[in-house]
Amino acid sequence: EIPRVTGVQTCALPISAQFLDVFALGDECKAMYFVVAGQLAYFRGLSSRPNAFEGCTTVEAGRWVCEYALLMAWKHRGLMVTLQTPCELALLDAGAFLSVLRSWPLVRDYCRCYAWFFVREAGSEFASQMTDLPISVEKAKSLSDQAMAAWSQMEDIPINVDWAKTPSIQTTVSLSKST
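Each residue of the sequence shown is one higher than the last, beginning at 826 in the working numbering.
Right, here's the structure in full:
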């Protein structure tokens, strides 16, 4: 069991655990992952570990993945495995994040605007480029600027972002060595 602290989970992998699957293609994602220590490898479009680690994207301490889970229902678009041990992850549970937003209406409304623009982009050609890796700083800034403009002008943003489809507060992460 991973300890819970207000929607944030930490997961320390044992030193002897190498090449553990963190998540796989098609799995439901219920949290944003922050790499606290260690190194991970991400393989876009793969559900099982390849024989070679060529073509993977390395995710190091200080980086994150799966930010989309905070904005919309999300299924993983690739495979993430540990590379370097010890490896420590902090998970921000999407349900807990939404619960906190309910207590902060202004922040919630801004996030709703950001999510609306994000989901709109997800339905465009941007969708084919989406992975579990973070969006570019330029894309995030563009979406944030659009959301801020709409929010600050109190424009009517369609409230049809389906919050009901977001993952529940209950999130468990199991990291087990593949056989």
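Heads up, the beta-carbon is just placed ideally off N, CA and C, and yes, glycines get one too. No experiment lies behind these values; they were computed from the predicted model shown.
The DSSP-derived three-state label of E853 is strand.
A947 and M955 do touch by the CB rule: their CB atoms are close to 7 Å apart, below 8 Å.
Within its own chain, the residues whose Cβ lies closer than 6 Å to the Cβ of L896, once the five positions on either side in sequence are excluded, are A940, F943, listed in chain order. Checking the DSSP bridge columns, you'll see W889 partnered with F859.
The C-beta separation of G903 from Y858 comes to about 13 Å, leaving the pair out of contact by the 8 Å criterion. Collapsing the DSSP output to three states places A866 in a strand. If you draw a straight line from the Cα of V925 to the Cα of C938, it is about 17 Å long.
Under the DSSP assignment, D970 falls in the alpha helix (DSSP H) whose first and last residues are 962-977. Membership of D846 in the beta strand (DSSP E) is indicated by the continuous run 846-848. Beta-bridge annotation (DSSP): G948 is not paired with any residue. In the DSSP assignment, R927 falls within the alpha helix (DSSP H) that extends over 919-927.
A Cβ-Cβ contact shorter than 7 Å links R874 with V906.
Straight through space, the alpha carbons of A862 and V962 are spaced by roughly 22 Å.
Shown here, C881 sits in coil according to DSSP, grouped into three states, outside any helix or strand.
Taken through DSSP and simplified to helix, strand or coil, L871 comes out as coil. Straight-line measurement puts the Cα of A856 at about 9 Å from the Cα of V890.
When C-alpha distances from C881 are compared across L865, G887, A894, Y893, the shortest belongs to L865.
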